[in-house]
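Participant: Dumping the structure here so I can ask a few things about it.
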Amino acid sequence: MKKLTLLLYLGLAIPFAGHTQHNTTDIEVVKRVADYAVAHAAFTFKGNNNQTYNTSKEIPEGVTANISDHLSEWHYPNGVLNIAMVDLGNYLKEEKYNAFAQRHVAFAFDNYAYFEALSRKGVKYKNFPFNQLINTRVLDDCGAMGASLLDVYNTVKRGDYRAYIDKAANHISKVQERLPDGTLCRPNPYKWTLWGDDLYMSVPFLARMGKLTNNNNYFDDAVAQVKHFTHYLWDPRTELYVHYYYEDLKRQGVAHWGRANGWIMLAKVQLLNNLPASHPGRNEVIADLTQQILGVAKYQGPNGLFHQVLDRTDSYTETSCTAMFVYSIARAVNEGWLDKRYITIAERGWDGLVKEKIQEDGQLKDVCIGTNTSADLSFYYNRPTELNDFHGIGPVIEAGIEIARYRAKK
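In mature numbering (1 follows the signal peptide of the UniProt record, and there is no 0), the protein residues as written are -19 to -1, 1 to 391.
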């Protein structure tokens, strides 16, 4: 008691579970992360002559130009970030966050034709701008960015946006490779490989497309993909998903990789966000989501965080998967899909992120970089992390929104 009195006398803060750093509110932490992205996405090009160009029209002949920063590029994590920014703007009624997503999409559509013309001439170089927009080959190229474009299209009704949305829908529904039972898969690294990541790279888009067009075929396909991915990737022994399934070997992968499990959980939540209440598959998706939440909860660390390899505590604690689980669980509680007693899993995860992973300037620590599949577990252990890698920014924003929603109701 004397020690406690002394600490109070000296003005030293005593940590308390549920408090964010420096007593800032949850939404202030979220805005710190989002505002860092807003401030550091330049939406410009950098030439090999070290000059900066605001539009592709300014790039001189013979100059090789790249997009100036990762936050301005056209890759699936940018789509995740755009969706989060729209959600944050809508939640806070602050237009600058919606404007970020709108500006990102416009930057691509106003400039990609220049690089598409170069591509037709055979010009290619490292980090070629808008390559995934120009050449759609796998779900990474169009699924997440397409979903974010659908969110922007709700406000900005440009014809070229709708044309791309229809093109992405055609690719996912009719072009992308599938197993004989209709499960989406990839031609690499082996024919055919089922990636856990691809549930997110397809289902959120399909769900939004169903809502846009009132075509139940999109909803039916999205629900079927959830069922199929669980069939191939769920490991009942650990109650986790493996990262991949090799169709040629009829064999699951070795790693219960954190972010793959996060992508899968996120996809189910985004499907439920858009799936009509009357859809016959809705309760099945909720049951599948609940099963996954109860499974992953067993692997949460004492600091609230989850590991890079979920069932291996000697792997590092990883930011993006933790945020994905926090968002999904808190969202499920907020929407009434999951009993509120499970909110403590999300709250402890969020408080762990705030305490250990979110810096004062809004940058994120310990985000695993983009990751391929591998047959050896050590590959996943040794995947590097990068400060503020863009795989983590969108999920952290989404997690904070849902935690703030829940705590605002308490």
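Using N, Cα and C, we set each Cβ at its ideal position, and we do this for glycine too.
Suppose you measure from the CA of D332 to the CA of N264; what does that come to, to the nearest Å?
Facilitator: In the sequence shown, the residue the question calls residue 332 occupies position 351. In the sequence shown, the residue the question calls residue 264 occupies position 283. Rounded to whole angstroms, D332 to N264 spans 30 angstroms at the Cα level.
Participant: Just list the residues that DSSP pairs R167 with in beta bridges.
Facilitator: As a first step, residue 167 must be located in the sequence shown, where it is residue number 186. Answer is T174, bridged to R167.
Participant: Is there contact here, the region 97 to 104 with the region 68 to 88, by at least three beta-carbon pairs under 8 angstroms?
Facilitator: Judged by Cβ distances under 8 angstroms, the region 97 to 104 makes no contact with the region 68 to 88, as fewer than three pairs qualify.
Participant: Inspect the CB distances between the region 41 to 54 and the region 353 to 366 and report whether three or more fall short of 8 angstroms.
Facilitator: No, the region 41 to 54 is not in contact with the region 353 to 366.
Participant: Hey, out of V290, Q32 and T194, whose CA is closest to S359's CA?
Facilitator: Numbered from 1 along the sequence shown, position 378 holds the residue referred to as residue 359. Of the listed residues, the one whose Cα sits closest to S359 is V290.
Participant: Flag this pair as yes or no: are the beta carbons of T300 and V348 separated by less than 8 angstroms?
Facilitator: The sequence position of residue 300 within the sequence shown is 319, counting from 1. The sequence position of residue 348 within the sequence shown is 367, counting from 1. The answer is yes: Cβ separation under 8 angstroms.
Participant: By how many angstroms is the C-alpha of G330 removed from the C-alpha of K107?
Facilitator: Here residue 107 is taken as the residue at index 126 of the sequence shown, counted from 1. Here residue 330 is taken as the residue at index 349 of the sequence shown, counted from 1. Straight-line Cα distance between these residues: approximately 38 angstroms.
Participant: Does the separation of the CB atoms of W318 and I267 fall below 8 angstroms?
Facilitator: In the sequence shown, the residue the question calls residue 318 occupies position 337. In the sequence shown, the residue the question calls residue 267 occupies position 286. Yes, Cβ-Cβ distance for W318 and I267 is below 8 angstroms.
Participant: So, do the region 127 to 135 and the region 55 to 63 have three or more beta carbon pairs nearer to each other than 8 angstroms?
Facilitator: Flag = yes, the region 127 to 135 and the region 55 to 63 touch.
Participant: In this structure, how does DSSP classify D141 when only helix, strand and coil are distinguished?
Facilitator: Residue 141 sits at position 160 when you count from the first residue of the sequence shown. Looking at D141 - three-state DSSP - the assignment turns out to be helix.
Participant: Return helix, strand or coil for Q289, following the three-state DSSP convention.
Facilitator: In the sequence shown, the residue the question calls residue 289 occupies position 308. Reduced to three states, the DSSP call for Q289 is coil.
Participant: Taking only the alpha-carbon atoms, compute the straight-line gap between K192 and L256 and give it to the nearest angstrom.
Facilitator: On the sequence shown, residue 192 is found 211 positions in, with the first residue counted as 1. On the sequence shown, residue 256 is found 275 positions in, with the first residue counted as 1. Distance between the alpha carbons of K192 and L256 is about 8 angstroms.
Participant: Could you have a look at D216 and say whether DSSP puts it in helix, strand or coil?
Facilitator: Working through the sequence shown from its first residue, we reach residue 216 at position 235. Of the three classes helix, strand and coil, the one that applies to D216 here is strand, per DSSP.
Participant: For I245, tell me which candidate among L286, E9 and L270 has the shortest Cα-Cα distance.
Facilitator: Position 264 of the sequence shown holds residue 245. For the residues L286, E9 and L270, the minimum Cα distance to I245 belongs to L270.
Participant: Output needed for T211: all residues of its chain with C-beta closer than 7 angstroms, excluding positions within five of it in sequence on either side, in chain order.
Facilitator: Start at 1 with the first residue of the sequence shown, and residue 211 comes out as number 230. D269, listed in sequence order.
Participant: I think A380 touches A311, with their Cβ atoms under 8 angstroms apart; what is that distance to the nearest whole Å?
Facilitator: Working through the sequence shown from its first residue, we reach residue 380 at position 399. Working through the sequence shown from its first residue, we reach residue 311 at position 330. Contact holds; Cβ gap of about 7 angstroms.
Participant: According to the neighbour-count rule (16 or more other Cβ atoms, all chains shown, within 10 Å of its Cβ), is K74 buried or exposed?
Facilitator: Taking the sequence shown and counting its residues from 1, one reaches residue 74 at position 93. When all chains shown are included, K74 counts as exposed.
Participant: For a test of the three-state rule: what should DSSP assign to A236, helix, strand or coil?
Facilitator: Indexing the sequence shown from 1 puts residue 236 at position 255. A236: coil per DSSP, three-state reduction.
Participant: Curious, which full-length alpha helix (DSSP H) runs of at least 4 residues does the region 315 to 384 contain?
Facilitator: You should have 324 to 337 and 358 to 362.
Participant: May I have the straight-line CA-CA distance separating E228 from D179, to the nearest angstrom?
Facilitator: Against the sequence shown, residue 228 aligns to sequence position 247. Against the sequence shown, residue 179 aligns to sequence position 198. One C-alpha to the other measures close to 15 angstroms.
Participant: Going by DSSP, which residues form a beta bridge with K390?
Facilitator: Here residue 390 is taken as the residue at index 409 of the sequence shown, counted from 1. Beta-bridge pairing links K390 to no other residue.
Participant: Exposed or buried, what is E328 when buried is set at 16 or more other beta-carbons lying within 10 Å of its beta-carbon?
Facilitator: As a position in the sequence shown, residue 328 is number 347, starting the count at 1. E328 comes out buried.
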